[in-house]
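S.K.:
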Amino acid sequence: MSFALKDAGVVITGGGGGIGAALARRFAAEGARIVLADLDAAAVEAVAAEVGAVAVSGDAASVDGVASLISRANDELGGIDLYCANAGIAPHGGPEVPEEVWARAWDVNVMAHVRAANLLLPAWLERGHGRFLATVSAAGLLTSLGSAPYSVTKHGALAFAEWLSATYRHRGITVQAVCPQGVRTNMLAQTGTSGQLIMGASAIEPSQVADSVLEAFGDDRFLILPHPEVAGYYATRATQTDRWLGGMNKLQRKVEAAQGG
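Position 33 of the sequence shown, counting from 1, maps to 33 under my numbering, and the rest follow consecutively.
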């Protein structure tokens, strides 16, 4: 592998379940030393106990929360080799969603990445290497029917990851964005009928996402696509935009019909 996990210092946010917990299990099996963060103290402590990691409970999105996490991780690990910005939220709705909910989605899904990178980059640039893994979702490449805040902020997360890669890759900083469609997590379960209709049939297990990430460490590819078909959708969106939007609107009408709307 291009990146060896054995003895690497790794931080994973949103580590109390879902993709974050799956990454922790996979990385621990490869010999990584891990700090896990999550708002849910009981959940993150349980996963940490399972994999031999250090658990940090708290908000890994706020300015103070990110700073506290990175300081603690540096103390525990002696330096951070890989930072997995995995925590995310997906509030349902569109422009009617309250301003404070939009702001929280922006904080968790985008600014948490920005704030972490701001603190990580000085040490990484000084030593000439570091790896930033952003859990973006296919919503960042395409869109997410039913959740405008999720779709918009995941596009922002992808844009920031692209900027980081374009700006720092010649200085030893590797940036990767993992972009799955449906994954069998609590987040998918909370989308209800619409989420199951759109993503249920193709949903994969969190462990499969972790396997895709580990494979991508072998060639440092920027886009990690656990659902390979997303590449085709992304190409159609870019080159046949009206056709793609028409297809998405057709899917939206299907969801509305299923919901009796």
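Ideal placement from N, C-alpha and C gives every residue a C-beta, glycine not left out.
Could you give the DSSP three-state label for Asp64: helix, strand or coil?
M.R.: Here Asp64 sits in helix by DSSP.
S.K.: Where does Gln176 land, buried or exposed, given buried means 16+ other C-beta within 10 angstroms?
M.R.: Gln176 should be labelled buried.
S.K.: DSSP beta-bridge partners for Asp38?
M.R.: Per DSSP, Ser57.
S.K.: Name the residue from Gly260, Ala48, Asp59, Ala90 whose alpha carbon lies nearest to the alpha carbon of His155.
M.R.: Among Gly260, Ala48, Asp59, Ala90, the Cα nearest to that of His155 is on Ala90.
S.K.: Drop a sphere of 10 angstroms on the beta-carbon of Asp242, count the other beta-carbons inside from all chains shown, and report buried for 16 or more, exposed for fewer.
M.R.: By the 10 Å Cβ count, Asp242 comes out exposed.
S.K.: From Pro149 to Ala61, what does the alpha carbon distance come to, in whole angstroms?
M.R.: Their backbone Cα atoms lie some 16 angstroms apart in a straight line.
S.K.: Per DSSP, Gly93 forms a beta bridge with which residues?
M.R.: Answer by DSSP bridge pairing, in chain order: Ser147.
S.K.: Measuring alpha carbon to alpha carbon, tell me which residue in Asp219, Gln240, Arg33 is nearest Ala8.
M.R.: Residue Arg33 is the option with its Cα nearest to Ala8.
S.K.: What residues in its chain sit with their C-beta under 8 angstroms from that of Gly94, if we drop five residues either side in the sequence?
M.R.: Ala148, listed in sequence order.
S.K.: If we count the other Cβ atoms within 10 Å of its Cβ and call it buried at 16 or more, is Gly232 buried or exposed?
M.R.: It is exposed - the Cβ of Gly232 has fewer than 16 other Cβ atoms within 10 Å.
S.K.: By Cβ distance below 8 angstroms, which residues in the same chain neighbour Ser57 in space, the five residues on each side in sequence not counted?
M.R.: Only Ala37, Asp38, Leu39, Asp40, Ala41, Val44, Glu45 meet the Cβ criterion.
S.K.: May I ask you to verify whether the segment 158-169 touches the segment 203-219, counting CB pairs closer than 8 angstroms and requiring at least 3?
M.R.: Segments in contact, no.
S.K.: Apply the 10 Å Cβ neighbour rule to Pro228 and answer buried if 16 or more other Cβ atoms are within range, or exposed otherwise.
M.R.: Burial call: exposed.
S.K.: Span of the beta strand (DSSP E) holding Phe132?
M.R.: Element bounds for Phe132: 130-135.
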